[in-house]
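Numbering (this note's numbering), first residue to last: 5 to 65.
Worksheet for the structure shown next.
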């Protein structure tokens with residue numbers, strides 16, 4: 005028995021290390037300019053809790 009989480013879309017996630025076990029190939033070329041988002045096995049720049057997609061400044065001013 006493993007602690008792997010099998011998602012409905014076929015992706016496998018390991019919560020122990022906080023990383024996907026299958027690469028996220030979708031839109032890989034769009035992530036090239038931002039190296040922190042290029043790691044194909046990580047989600048949201050390795051910050052799955054604070055998902056703020058499309059916001060340039062996530063800090064309050």
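No residue lacks a Cβ here, since even glycine has one placed at the ideal position from N, Cα and C.
### Task
Going by DSSP, name the residue or residues bridged to residue 24.
Answer by DSSP bridge pairing, in chain order: 17.
### Task
Please go through the same chain and pick out, in chain order, the residues whose beta-carbon is closer than 6 Å to the beta-carbon of residue 16, but skip the five residues on each side of it.
Once the five neighbours on either side are set aside, the close Cβ partners of residue 16 are 8, 10, 25 and 26.
### Task
Leaving out five residues on either side along the sequence, give the residues of the same chain with a beta carbon under 8 Å from the beta carbon of residue 30.
none
### Task
May I ask you to report which of helix, strand or coil DSSP gives residue 65?
Because residue 65 carries a pLDDT of 39, less than 50, the predicted location of this residue cannot be relied on, and no value is offered for it.
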